[in-house]
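According to this note's numbering, the sequence shown is numbered sequentially starting from 224. For reference, the structure discussed in these notes is given below.
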Amino acid sequence: MAHDSGGAGKGRDGHKDGHKNGRRDGHKDGRGKGSGRSARKRARLDVGLYEAELLRLQAELVALQEWVRSTGARVLVIFEGRDAAGKGSAIKRVTEYLNPRFARIVALPAPTERQRGEWYFQRYVTHLPAAGEIVLMDRSWYNRAGVEHVMGFCTPAEHKRFLAQCPVFERLLVQDGILLLKYWFSISHAEQERRFKSRLDDPMRQWKLSPMDREAILRWEDYSRAKDEMFVQTDTAESPWYVVEAEDKRRARINLIAHLLSSIDYTEVRTEPVTLPERPRAINYTRPPRELFRYVPDHAANLENPVDD
Numbered sequence: 224m225a226h227d228s229g230g231a232g233k234g235r236d237g238h239k240d241g242h243k244n245g246r247r248d249g250h251k252d253g254r255g256k257g258s259g260r261s262a263r264k265r266a267r268l269d270v271g272l273y274e275a276e277l278l279r280l281q282a283e284l285v286a287l288q289e290w291v292r293s294t295g296a297r298v299l300v301i302f303e304g305r306d307a308a309g310k311g312s313a314i315k316r317v318t319e320y321l322n323p324r325f326a327r328i329v330a331l332p333a334p335t336e337r338q339r340g341e342w343y344f345q346r347y348v349t350h351l352p353a354a355g356e357i358v359l360m361d362r363s364w365y366n367r368a369g370v371e372h373v374m375g376f377c378t379p380a381e382h383k384r385f386l387a388q389c390p391v392f393e394r395l396l397v398q399d400g401i402l403l404l405k406y407w408f409s410i411s412h413a414e415q416e417r418r419f420k421s422r423l424d425d426p427m428r429q430w431k432l433s434p435m436d437r438e439a440i441l442r443w444e445d446y447s448r449a450k451d452e453m454f455v456q457t458d459t460a461e462s463p464w465y466v467v468e469a470e471d472k473r474r475a476r477i478n479l480i481a482h483l484l485s486s487i488d489y490t491e492v493r494t495e496p497v498t499l500p501e502r503p504r505a506i507n508y509t510r511p512p513r514e515l516f517r518y519v520p521d522h523a524a525n526l527e528n529p530v531d532d
């Protein structure tokens, strides 16, 4: 299984990409032999170590974005994996300090009736990065290899055609200069179920649950077979898959961002320092009376001075 993507190389720290997570040999979402199994036995990453390293890596992501903007590079990062694997929370950490004008998250809903009559890749093409952009896809065209195939939302012929066309489509993207990275977030069935149950008990996150999550439990092995076939057919030298062990969300986020940074040969962009001018004295402006404006109520004051019933 190849691991050198078209835009992959040394990161700004100068270390060659040595992360060989994305291998299939014995890897069955952590059930097989090899590195995946031992990685799952690790204790959760210490929160202090996690927060310090996350902040350092996020600063590097800002530097990466400056390079992308200044060079006109196009970066596309695909996040795939089981339901509740932590894709969304990882994307949130990647984008936390990035300029939203040049970093976009794409999370498409189910296709419309019209889109179902289009070439399958067509609705994704409009979301590809323009010059100077980073695009992060929270699920992607690989829906056809996973949920659509398992749940019968596409025909066997459509599934087969997708697996044949996908490497060709991605090769065209890479040949045109798009830096494409594909990540699969891997968790065990026990951890997935634990996360589902935690959502049941959390009113703030219950919206994340859907009937499809029930199917994710009942059809675990069907999804496993679909994922294995997807890897066989779409892991190519131009656009390899990288597997992120996601049993511990902290480790997954750190490992994902570190690998992303090391996979793009970016350099620091020197920018002119910003200086603030002295504020000129107000000469010809009188502010209108406060009473003319509608201010929101001071809810914070109620917290400081609660009123007894």
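Backbone N, C-alpha and C fix where the C-beta goes; we use that ideal spot for every residue, glycine too. Remember, it's a predicted structure, so these values are computed and weren't measured experimentally.
Take every Cβ of the region 436-447, pair it with every Cβ of the region 366-373, and state whether three or more of those distances are shorter than 8 Å. yes
Helix, strand or coil for TYR406, going by three-state DSSP, please let me know. strand
How big is the Cα-Cα spacing for LYS383 and GLU341? 17 Å
Would you grab the beta carbon distance between LYS431 and ARG437 for me? Rounded to a whole angstrom, and I think it's under 8 Å. Actually they are not in contact, since the Cβ atoms of LYS431 and ARG437 sit about 13 Å apart, beyond 8 Å.
For ARG474, name the three-state secondary structure that DSSP assigns. helix
Take TYR273 and list the residues in its own chain whose beta-carbon comes closer than 7 Å to its own, dropping the five residues that flank it on each side. ARG473, ILE477
Beta-carbon proximity check, VAL291 vs GLY355, cutoff 7 Å: yes
So, at 7 Å on beta carbons, what are the nonlocal neighbours of ARG267 in its own chain, with the 5 sequence-adjacent residues on each side left out? ASP471, ARG473
Could you check where the alpha helix (DSSP H) with TRP430 kicks off and where it finishes? Note, TRP430: premise wrong, no alpha helix (DSSP H); not H, not E.
Note the first and the last residue of the continuous alpha helix (DSSP H) segment covering GLU438. 434-441
Whole angstroms is fine: what's the gap from GLU468's alpha carbon to ALA475's? 6 Å
Beta-ladder partner(s) of MET360, from DSSP: ILE301, VAL329
6 Å Cβ shell around ASN322 - same chain, five flanking residues per side excluded: none
Could you pull the start and end residues of the alpha helix (DSSP H) that GLU336 belongs to? 336-339
Contact under 7 Å by Cβ, ARG442 with VAL373: yes
Taking all protein chains shown into account, do 16 or more other C-beta atoms lie within 10 angstroms of the C-beta of ASP458, making it buried, or fewer, making it exposed? buried
Answer yes or no: do GLN415 and ALA481 have a C-beta to C-beta separation smaller than 7 Å? no
Using the Cα positions of SER312 and PHE302, report the straight-line distance between them to the nearest angstrom. 11 Å
To the nearest angstrom, report how far apart LEU526 and ARG502 are at their CA atoms. 35 Å
Please state the DSSP three-state secondary structure of GLU468. strand
Strand pairing of ILE401, partner residues [DSSP]: ARG297
In whole angstroms, what separates the C-alpha of ASP269 from that of ALA275? 10 Å
When burial is assigned at 16 or more other CB atoms within 10 Å of the CB, is GLU491 buried or exposed? exposed
Give me, in chain order, the residues of the same chain whose beta-carbon lies closer than 7 Å to that of VAL317; leave out the 5 immediate sequence neighbours on both sides. LEU284, LEU359, ILE480
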